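Peer 1:
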Amino acid sequence: MTYPRPDFERNPLHWESLNGQWDFLFDDGDSGLNENWQRKGLPEKVNVDTSANRKETGQNDSVVQKIMGDAHSLIQNNVFASSTQTTNSKTKINVPYVFQSPASGINDRGVHEVMWYERAISDLRSAQEKEKGHKLVLRFGAVDYEATVWVNGEYVGGHRGGHVPFEIDITDAVDAAKDATTHRVTLRVYDSAYDLTQLRGKQYWAAKPETIFYTPSGGIWQSVWLEVVPSARITDSSYGTVIKSNDIHSGQLRSTIAIKGRRIGKDYSVELESSFAGIPIAKSDRKALPRETSSVGVELNMRLSEEQRSKLPKSVTETAPLDNDFAWRDGVALWSPEHPQLYDLVIRLYDDAENVIDEVKTTTGMRNINWTTGDGTWRLNDKPYFQALCL
Numbered sequence: 048m049t050y051p052r053p054d055f056e057r058n059p060l061h062w063e064s065l066n067g068q069w070d071f072l073f074d075d076g077d078s079g080l081n082e083n084w085q086r087k088g089l090p091e092k093v094n095v096d097t098s099a100n101r102k103e104t105g106q107n108d109s110v111v112q113k114i115m116g117d118a119h120s121l122i123q124n125n126v127f128a129s130s131t132q133t134t135n136s137k138t139k140i141n142v143p144y145v146f147q148s149p150a151s152g153i154n155d156r157g158v159h160e161v162m163w164y165e166r167a168i169s170d171l172r173s174a175q176e177k178e179k180g181h182k183l184v185l186r187f188g189a190v191d192y193e194a195t196v197w198v199n200g201e202y203v204g205g206h207r208g209g210h211v212p213f214e215i216d217i218t219d220a221v222d223a224a225k226d227a228t229t230h231r232v233t234l235r236v237y238d239s240a241y242d243l244t245q246l247r248g249k250q251y252w253a254a255k256p257e258t259i260f261y262t263p264s265g266g267i268w269q270s271v272w273l274e275v276v277p278s279a280r281i282t283d284s285s286y287g288t289v290i291k292s293n294d295i296h297s298g299q300l301r302s303t304i305a306i307k308g309r310r311i312g313k314d315y316s317v318e319l320e321s322s323f324a325g326i327p328i329a330k331s332d333r334k335a336l337p338r339e340t341s342s343v344g345v346e347l348n349m350r351l352s353e354e355q356r357s358k359l360p361k362s363v364t365e366t367a368p369l370d371n372d373f374a375w376r377d378g379v380a381l382w383s384p385e386h387p388q389l390y391d392l393v394i395r396l397y398d399d400a401e402n403v404i405d406e407v408k409t410t411t412g413m414r415n416i417n418w419t420t421g422d423g424t425w426r427l428n429d430k431p432y433f434q435a436l437c438l
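Structural data, given as structure tokens:
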């Protein structure tokens, strides 16, 4: 199985996919928290109060009326037909597909604003990893919209927003159950069908999708996995690591490498190394992590020397000739849709004994974009670039 984040891969990599079958239950009455499902486990079924269901439908309103109206009128008469179902039963869902999708095994297009997921997991850490203080992290590629997570009934974290990944350190909750061989992960998701202040993209709020809008997607919709990580570790862009590769003129890559889990009194340093098509390009000096912050700036020159260019394989030079100024700029390999050339990067974190305690592999493309030249053109790598796109 392919690791879900090939753009941010640790070495060594110790992970386990949690995609597949989860227990699943609609909570249309939002009674799960009051009934402590997170502690007791999901019930086999839950009663639904059908008298509270709204009976209007939004199928007769035109999309123009909805868009041109204010927020209040958008919601009015834009709801789904009332359900006659009196109970919701626990079932299985195929993660990471949303319940509205046939691939989930449910394929329910009705309104369900609150839903619960549950499954058993095992602690991946070896005895040696535990001794080193490694953490067990639960990662979600994306959950739409508001997620709350418990392990063995204990709250471990949450996230609001349906479009970005998040991670939760579940080490303490797992360690607290010392004699357990498996652990119960419970997830409650809230995703409003009608709240137009909630970021929703083109997900529709009415019963029948039309024009540019489409059926809503609620719950887990990206991969879920467990991963063992060092206590002090390199973070991805969600936690502050930024790699800027837009200076194609100087060829300089500028990065901010963020570190999570640093220990008081411990010194750390960061190193960045680049290669292209298997050819080593540059390696930075180790930059000490300042005591007052958890990030450090590191720069690299990405320009290939004449000697390095002479070692490039034919698979590169035949598809992106060195005299092609849309593929190369003074020894800098440029990224474009026609020539999607990527540099390989390795980020290393060292402790005060100069041991590598974390290493991450990623990629970047040297390219810049500009739409401020005043001539109305959108430019890629200083050249006008025209696109024919479908919305």
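The numbers in the working numbering rise by one with no breaks, and the one at position 177 of the sequence shown is 224.
Ideal Cβ placement from N, Cα and C applies to all residues, glycine included.
The structure presented is a predicted model; accordingly, all values stated were derived computationally and were not measured.
From this set, Gly208, Val289, Phe213 and Ser239, which residue's C-alpha is nearest Thr410's C-alpha?
Peer 2: Stepping through the sequence shown from its first residue, residue 410 is reached at position 363. Measuring from the Cα of Thr410, the nearest candidate turns out to be Val289.
Peer 1: Please report the distance separating the alpha-carbon of Arg280 from that of Val407.
Peer 2: Within the sequence shown, residue 280 is the residue found at index 233, counting from 1. Within the sequence shown, residue 407 is the residue found at index 360, counting from 1. One C-alpha to the other measures close to 9 Å.
Peer 1: Confirm, please, whether the CB-CB distance from Glu274 to Tyr237 is below 8 Å.
Peer 2: Numbered from 1 along the sequence shown, position 190 holds the residue referred to as residue 237. Numbered from 1 along the sequence shown, position 227 holds the residue referred to as residue 274. No, the Cβ-Cβ distance between Tyr237 and Glu274 is not below 8 Å.
Peer 1: What residues in its chain sit with their C-beta under 6 Å from that of Phe213, if we drop five residues either side in the sequence?
Peer 2: Within the sequence shown, the letter at position 166 stands for residue 213. Only Phe187 and His206 meet the Cβ criterion.
Peer 1: Expressed to the nearest angstrom, what Euclidean distance is found between the alpha-carbon atoms of Gly209 and Pro263?
Peer 2: As a first step, residue 209 must be located in the sequence shown, where it is residue number 162. As a first step, residue 263 must be located in the sequence shown, where it is residue number 216. Approximately 12 Å, taken between the alpha carbons.
Peer 1: If you follow the alpha helix (DSSP H) that Thr364 is part of, which residue opens it and which one closes it?
Peer 2: Your numbering for residue 364 matches position 317 in the sequence shown. Counting along the chain, the alpha helix (DSSP H) containing Thr364 begins and ends at Lys361 to Thr364.
Peer 1: By the three-class DSSP mapping on this structure, what secondary structure does Lys87 have?
Peer 2: The residue you call residue 87 lines up with position 40 of the sequence shown. Three-state DSSP puts Lys87 in a helix.
Peer 1: Is the Cβ-Cβ distance between Asp391 and Ser322 less than 8 Å?
Peer 2: Numbered from its first residue, the sequence shown carries residue 391 at position 344. Numbered from its first residue, the sequence shown carries residue 322 at position 275. The answer is yes: Cβ separation under 8 Å.
Peer 1: Counting pairs of Cβ atoms below 8 Å between the segment 246 to 257 and the segment 137 to 153, do you hit three or more?
Peer 2: Because the criterion of three Cβ pairs below 8 Å is not met, the segment 246 to 257 and the segment 137 to 153 do not touch.
Peer 1: Between Ile267, Val145 and Arg338, which has its C-alpha nearest Val211's C-alpha?
Peer 2: Counting from one through the sequence shown, the residue named residue 211 turns up at place 164. Closest by alpha carbon: Ile267.
Peer 1: Roughly how many angstroms lie between the CA atoms of Gly287 and Arg57, to the nearest whole one?
Peer 2: Indexing the sequence shown from 1 puts residue 287 at position 240. Indexing the sequence shown from 1 puts residue 57 at position 10. Approximately 17 Å, taken between the alpha carbons.
Peer 1: Within the same chain, show all residues whose beta-carbon is closer than 7 Å to that of Pro360, passing over the 5 residues directly before and after it, in chain order.
Peer 2: Within the sequence shown, numbered from 1, the residue matching residue 360 stands at position 313. Ala324, listed in sequence order.
Peer 1: What are the partner residues of Ala380, as DSSP defines its beta bridges?
Peer 2: Walking along the sequence shown from the start, residue 380 turns up at place 333. Partner(s): Trp375.
Peer 1: Nearest CA to the CA of Trp382: which residue from Ala174, Ala189, Arg414 and Ala329?
Peer 2: Here residue 382 refers to the residue found at position 335 when the sequence shown is read from its first residue. Closest option to Trp382, Cα to Cα, is Arg414.
Peer 1: Could you tell me the alpha carbon to alpha carbon distance between Asp294 and Ala435, rounded to whole angstroms?
Peer 2: The sequence position of residue 294 within the sequence shown is 247, counting from 1. The sequence position of residue 435 within the sequence shown is 388, counting from 1. Whole-angstrom Cα-Cα distance: 27 Å.
Peer 1: Please look up how many angstroms separate the CB atoms of Ser341 and Ile394, rounded, as I've assumed it's under 8 Å.
Peer 2: The count along the sequence shown starts at 1 and reaches residue 341 at position 294. The count along the sequence shown starts at 1 and reaches residue 394 at position 347. Not quite, the Cβ-Cβ distance comes to about 14 Å (not below 8 Å), so this is no contact.
Peer 1: Does Arg235 pass the burial test, meaning 16 or more other C-beta atoms within 10 Å, or should it be called exposed?
Peer 2: Here residue 235 refers to the residue found at position 188 of the sequence shown. Classification of Arg235: buried, given that the 10 Å Cβ count is 16 or more.
Peer 1: If Ser316 sits next to Ala335, beta carbons under 8 Å apart, how far is it from one beta carbon to the other, in whole angstroms?
Peer 2: As a working mapping, residue 316 is identified with position 269 in the sequence shown. As a working mapping, residue 335 is identified with position 288 in the sequence shown. Their Cβ separation, rounded to whole angstroms, is 5 Å, which keeps Ser316 and Ala335 in contact under 8 Å.
Peer 1: So what's Glu401 in DSSP terms, helix, strand or just coil?
Peer 2: If you number the sequence shown from 1, residue 401 lands on position 354. In this structure, Glu401 counts as coil in the three-state DSSP scheme.
Peer 1: Please check the pair Gln245 and Pro143, which I expect to be a contact at CB under 8 Å, by giving their CB distance rounded to whole angstroms.
Peer 2: Locating residue 245 in the sequence shown gives position 198, where the first residue counts as 1. Locating residue 143 in the sequence shown gives position 96, where the first residue counts as 1. Between Pro143 and Gln245 the Cβ distance is about 21 Å, and since that is not below 8 Å, they are no contact.
Peer 1: Going by Cα to Cα distance, which pick from Gly378, His386 and Ala220 is closest to Glu365?
Peer 2: Along the sequence shown, read from residue 1 onward, the residue named residue 365 stands at position 318. Nearest option by C-alpha distance: His386.
Peer 1: Checking 8 Å against the spacing of the C-beta atoms, do Glu318 and Tyr397 come in under that value?
Peer 2: For the purposes of this step, residue 318 is taken as residue 271 along the sequence shown, with counting starting at 1. For the purposes of this step, residue 397 is taken as residue 350 along the sequence shown, with counting starting at 1. Result yes, Cβ atoms of Glu318 and Tyr397 sit closer than 8 Å.
Peer 1: Would Gln299 pass as a contact of Glu257 if the rule is Cβ separation under 8 Å?
Peer 2: Along the sequence shown, one-based indexing puts residue 299 at 252. Along the sequence shown, one-based indexing puts residue 257 at 210. Cβ atoms of Gln299 and Glu257: not closer than 8 Å.
Peer 1: Assign Ala174 to one of three DSSP states: helix, strand, or coil.
Peer 2: Walking along the sequence shown from the start, residue 174 turns up at place 127. Ala174 falls in the helix class under three-state DSSP.
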